[in-house]
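One structure is given here, and the rest of the page talks about it.
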Amino acid sequence: MEIRMNSISNYCRFIGRLVRDPKLTKLDHTDLVTFTLAINEYRKEKDPDTGERKKKKTTSYFDFEAWDTGATTLANLCKKGDIVDIVSSAKNNRWVDKNGKEQNQVRFRVKEFKLFNQQQHVKQEAQATNNEL
178 MEIRMNSISN
188 YCRFIGRLVR
198 DPKLTKLDHT
208 DLVTFTLAIN
218 EYRKEKDPDT
228 GERKKKKTTS
238 YFDFEAWDTG
248 ATTLANLCKK
258 GDIVDIVSSA
268 KNNRWVDKNG
278 KEQNQVRFRV
288 KEFKLFNQQQ
298 HVKQEAQATN
308 NEL
């Protein structure tokens, strides 16, 4: 199989839960939203004491950013605990901190997203409105 350079892409897909409400920042001519997803992974590992294979859960946390209208839409629709399907590209941020030490952070830039439990928010908002009446 031959791999050509133009066939290599920066494509990442995640399904996870929002750790907190997305943070919307208004910049001069655009909007930026940042958020973190928690993603669980389950694997069987051998217990050193019993030798038995047990299911173990590991949680990883990934930072995301969305820009422009996607940022506004995400901030308006998504809440802490929501399950979100994200298509993104990885972006490497590098900088020198105030102590002169080089820092490095990978952040994922959102290209597409799908909210799995949006109807739950609509029901909760409708119920809250009915309770106020």
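In our numbering, the protein residues as written are 178 to 310.
Where a beta carbon is used, it is the ideal one built from N, C-alpha and C, also for glycine.
Using only CA atoms, which one of the options lies nearest to residue i?
| i | options | result |
| --- | --- | --- |
| residue 287 | 276, 239, 203, 272 | 239 |
| residue 235 | 248, 215, 249 | 215 |
| residue 284 | 196, 213, 208 | 213 |
| residue 202 | 244, 196, 273 | 244 |
| residue 260 | 226, 251, 210 | 251 |
| residue 247 | 189, 188, 193, 200 | 200 |
| residue 186 | 275, 276, 226, 266 | 266 |
| residue 218 | 282, 198, 226, 237 | 237 |
| residue 206 | 191, 249, 224 | 249 |
| residue 211 | 195, 188, 189 | 195 |
| residue 263 | 289, 255, 232 | 289 |
| residue 282 | 292, 271, 275, 276 | 271 |
| residue 315 | 279, 280, 268 | The first residue shown for the chain is 178 and the last is 310, placing residue 315 beyond what the model contains. |
Quickly, what does DSSP pair residue i with across the bridge? List them, please.
| i | result |
| --- | --- |
| residue 214 | 195, 239 |
| residue 189 | 265 |
| residue 202 | 209 |
| residue 222 | 231 |
What does the Cβ neighbour count give for residue i, buried or exposed, with the cut at 16 atoms within 10 Å?
| i | result |
| --- | --- |
| residue 228 | exposed |
| residue 273 | exposed |
| residue 204 | exposed |
| residue 193 | buried |
| residue 190 | exposed |
So residue i packs on residue j, CB below 8 Å; how close in whole Å?
| i | j | result |
| --- | --- | --- |
| residue 149 | residue 230 | With the chain represented from 178 up to 310, any question about residue 149 goes unanswered, as that position is not in the structure. |
| residue 220 | residue 257 | Not quite, the Cβ-Cβ distance comes to about 27 Å (not below 8 Å), so this is no contact. |
| residue 292 | residue 255 | 6 Å |
Is any heavy atom of the ligand COA found at a distance shorter than 7 Å from the C-beta of residue i?
| i | result |
| --- | --- |
| residue 240 | In the structure on display, the ligand COA does not appear, and there are no ligands present to speak of. |
Inset, instruction - Could you name each continuous beta strand (DSSP E) segment of 3 residues or more that falls completely within the segment 262–292, going from the start of the chain to the end? - result: Fully enclosed beta strand (DSSP E) runs of 3 or longer: 279–292.
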